[in-house]
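*Asks:* In our numbering, each residue's number is its place in the sequence shown (first place is 1) plus 1. For every residue, glycine included, the Cβ atom is placed at its ideal position computed from N, Cα and C.
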Amino acid sequence: MAAKLSPNNLPWMLNPQRFPFRFPLNYVALVCLPVLLPVMVGLVLHKLKSDSKVSNKRVEEFERLWADENGLLSSHGVNGGEGEDVDSVASSKLKLGRKKDAKSKGAVAKVDSATRSDWERKRVSNFLATVEAEAEEALREVGEDFVATNSTTPSPSTTNEEGRYTLKPNTPTRCLSDTNSLPISPDEHPLLDIQHRIIANLNNRTLLPQVAKHLAHFDDVLNAHAVIIVRTVTMDMHKKGIPLIKAFVQRFDL
Numbered sequence: 002m003a004a005k006l007s008p009n010n011l012p013w014m015l016n017p018q019r020f021p022f023r024f025p026l027n028y029v030a031l032v033c034l035p036v037l038l039p040v041m042v043g044l045v046l047h048k049l050k051s052d053s054k055v056s057n058k059r060v061e062e063f064e065r066l067w068a069d070e071n072g073l074l075s076s077h078g079v080n081g082g083e084g085e086d087v088d089s090v091a092s093s094k095l096k097l098g099r100k101k102d103a104k105s106k107g108a109v110a111k112v113d114s115a116t117r118s119d120w121e122r123k124r125v126s127n128f129l130a131t132v133e134a135e136a137e138e139a140l141r142e143v144g145e146d147f148v149a150t151n152s153t154t155p156s157p158s159t160t161n162e163e164g165r166y167t168l169k170p171n172t173p174t175r176c177l178s179d180t181n182s183l184p185i186s187p188d189e190h191p192l193l194d195i196q197h198r199i200i201a202n203l204n205n206r207t208l209l210p211q212v213a214k215h216l217a218h219f220d221d222v223l224n225a226h227a228v229i230i231v232r233t234v235t236m237d238m239h240k241k242g243i244p245l246i247k248a249f250v251q252r253f254d255l
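(1) First and last residue of the alpha helix (DSSP H) that includes K214?
(2) Quick test of your reading: A30 and F24, contact by CB under 8 Å. State the CB separation rounded to the nearest angstrom.
(3) V228: buried (16+ other C-beta within 10 angstroms of its C-beta) or exposed?
(4) In terms of residues, what are the limits of the alpha helix (DSSP H) holding D52?
(5) Please look up how many angstroms separate the CB atoms of L208 and N202, rounded, as I've assumed it's under 8 Å.
(6) Under three-state DSSP, which class holds L261?
(7) Under the rule that 16 or more other beta-carbon atoms within 10 Å means buried, what is A139, buried or exposed?
(8) Report back the beta-carbon spacing between H226 and T233 to the nearest angstrom; my notes put them in contact at under 8 Å.
(9) Can you name the start and end residues of the alpha helix (DSSP H) that D260 belongs to?
(10) For G43, count the other beta carbons within 10 Å of its own beta carbon; 16 or more makes it buried, fewer makes it exposed. Which is it?
(11) Whole angstroms is fine: what's the gap from D188's alpha carbon to K214's?
(12) How big is the Cα-Cα spacing for M41 and R19?
(13) Put F20 into one of helix, strand or coil per three-state DSSP.
(14) If you reduce the DSSP assignment to three classes, tell me which class E135 lands in.
(15) As a quick exercise: from F63, V36 and P35, pick the residue whose alpha carbon is nearest that of R124.
(16) Can you list, in chain order, the residues of its chain with a C-beta nearer than 8 Å to that of N161? Leave out the 5 residues immediately preceding and following it.
(17) Could you check if G98 is buried or exposed, using at least 16 other CB atoms within 10 Å of its CB as the buried criterion?
(18) How is V250 classed by DSSP in three states: helix, strand or coil?
(19) Name the two residues that bound the continuous alpha helix (DSSP H) containing H226.
(20) Please report the straight-line C-alpha distance between L66 and R59, rounded to a whole angstrom.
(21) Among C33, N204, K241 and S56, which one has its Cα closest to the Cα of H218?
(22) For D220, which option in D237, S56, V212 and R206 has the closest C-alpha, if you only look at C-alpha atoms?
(23) If you draw a straight line from the C-alpha of V231 to the C-alpha of L245, how long is it?
(24) With a Cβ-Cβ cutoff of 9 Å, do P17 and Y28 count as a contact?
(25) Straight-line CA distance for L54 to E61?
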């Protein structure tokens, strides 16, 4: 009974060891998951909806400023026969709903769509020119600081780093049995032609003469990729790949 309730036998979502927290916080997160998950989904949807409204208002404000700078709002006031400002015109449209204002609004929208592309190109070109000038200035300052630092500070002495990592024999992995005799499940999808070519290139010693494959095995690990690269340093399961990274750093020659 205890073996069936072991965390290793639980599904992926119900395994407390999958949560990047220490004991007992990982079990607390598992218990609160049915409550936290709907709340998080609701917060995300509310955030997306509110950001969409803010973005639409910002676009409308940009369009109004653009029309004002191009003299479209003034012409709209002349055609409508009213000397009111933009806010008064908008309020009169909402309250009275005049057909004359609707027609003039359509004309302004047509003018906006006809000249908007040219206006956007000019605005983007000015923005890119400003960013390029700031980047050049920042790179120039960084270069000057680097030259000044190298000219004033002496070069640090090289330290002996032989004792940092544990030396291990760099012996390639060998399969104990013939690969053709390995059992293959009938439900397993066969490899594609491009996958066979990739395997042949990786095993071709003439193309990669200095590459040696090694077997990395981790107990109670279904997917070793996250462990090999130590994706999350706070998880005890991923910390098992730290010695592998240290060995790779020690053997990798630049």
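*Replies:* Reading from the atomic positions:
(1) First-last for K214: undefined, no H or E at that position.
(2) In fact, because the Cβ distance is near 11 Å, the residues do not count as touching under 8 Å.
(3) buried
(4) L26 to E70
(5) 6 Å
(6) Within the shown structure, residues of the chain are numbered from 2 to 255, placing residue 261 beyond reach of any answer.
(7) exposed
(8) Going by Cβ atoms, the distance from H226 to T233 rounds to 12 Å, so no, they are not a contact pair.
(9) Nothing can be reported for residue 260, as the shown portion of the chain is limited to 2 through 255.
(10) exposed
(11) 28 Å
(12) 19 Å
(13) coil
(14) helix
(15) F63
(16) Any reading at N161 must be qualified, since the residue scores a pLDDT of 46, below 50, and its modelled position is unreliable; the value itself is stated next. So no residue of the chain qualifies.
(17) With a pLDDT of 49 at G98, under the threshold of 50, the predicted position of this residue should be treated as unreliable, and no value is reported.
(18) helix
(19) H226 to I229
(20) 11 Å
(21) K241
(22) D237
(23) 9 Å
(24) yes
(25) The question names Leu, but residue 54 in the sequence shown is Lys. Going by the C-alpha atoms only, they are around 11 Å apart.
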